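Just so we're aligned: 199 in the numbering used here is position 197 of the sequence shown, and the numbers increase by one with no gaps anywhere. Since the structure comes first, as structure tokens, the remarks are kept for the end.
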Amino acid sequence: MQLLEMKWPEVAALCKDTPVCIPIAALEQHGHHMPVFTDSLLLGEVVRRADEKLRNQVLFAPLQWFGNSEHHLDFCGTMSASPRLYLDLLRDMVENFLFHGFRRIVLVNGHGGNIVPGQQAMFELRQKYRSRMDLLLLSCTYWTLGGKPWESNPALTQRQMGHACEWETSMMLRIRPELVGDLSLVQEVDWGRSFLPAHRAWTMKDRSVSGHVGDPRFATADKGETLFHVFTEDVVSLFQRVIDWNGVDWDY
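In structure tokens:
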């Protein structure tokens with residue numbers, strides 16, 4: 003169900019145990035070969051496919067394209083909300099649904115910079131509504147839900163999401179190939195170890211002159227279809243768990 007297509011009485015009439023999906027992405031630079039709207043286009047396709055499979059069991063809010071992209075601001079075309087502002091934006095969006103009685107709300111994320119704000123927003127709301135034992139507040143990122151796309155397509159060389167990398171470039175080749183630049187002009191940018199397993203604060207220019215991380219030259223539309231299939235199945239499986247939740251148990 004697409005919220006943007008519904009009248010308010012139709013929304014009000016929904017069972018309040020209907021899961022709500024709030025897709026969150028970004029508008030930011032993706033190197034020399036990919037459009038700034040990459041994250042939003044890719045997440046939009048994942049949730050579109052998930053909506054088809056879930057068959058009106060989940061209410062999908064419009065995709066929120068304005069994200070936390072401060073670490074990309076050195077590259078022209080990036081738009082970003084500051085981290086605290088973005089966290090509050092997410093809180094307000096979720097709290098709107100809580101105000102209208104919905105109890106199962108999931109942030110589905112498609113941009114790395116949104117991971118921490120999304121988790122923190124849900125954490126803060128849970129503390130605010132700590133007496134409500136009927137709430138399920140989740141935050142997830144579509145490529146971290148357990149899928150291993152390289153097992154479905156051994157031609158994939160990556161084992162993790164990069165930035166404008168083999169994975170994202172393959173997915174864009176699958177849905178909007180006309181937006182992908184000449185990959186023969188692109189070079190690999192290694193992930194590097196930095197100070198792992200510690201987390202180092204960074205901006206993209208610390209890691210990449212061009213603005214991408216990974217090796218987009220291995221991208222193909224066929225790999226993109228594999229990635230969309232695996233990631234969509236992961237999202238659908240998560241929402242099936244949300245639908246099946248008995249409203250009480252911690253483990254499910």
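From the three backbone atoms N, C-alpha and C, an ideal C-beta is built for every residue, glycine too. This one's a predicted model, so the numbers in the text were calculated from it and none came from an experiment.
Assigned with DSSP and collapsed to three states, Gly-114 falls in helix. If you check the CB distance, Gln-160 and Glu-168 come in under 8 Å.
Collapsing the DSSP output to three states places Ser-141 in a strand. Partner residues in the beta bridge of Arg-106, as assigned by DSSP, are Leu-138.
DSSP places Val-22 in the uninterrupted beta strand (DSSP E) bounded by 22–26. As a beta-bridge residue in DSSP terms, His-165 pairs with Val-215. Per DSSP, the continuous alpha helix (DSSP H) segment holding Asn-98 begins and ends at 85–101.
A straight-line Cα-Cα distance of about 42 Å links His-32 and Val-250. Pairing Asp-192 with Lys-225, the inter-Cα distance amounts to about 20 Å. Val-232: member of the alpha helix (DSSP H) spanning 223–246, first to last residue. Checking the DSSP bridge columns, you'll see Gln-66 partnered with Ile-26.
Counting along the chain, Met-206 sits inside the alpha helix (DSSP H) bounded by residues 206–209.
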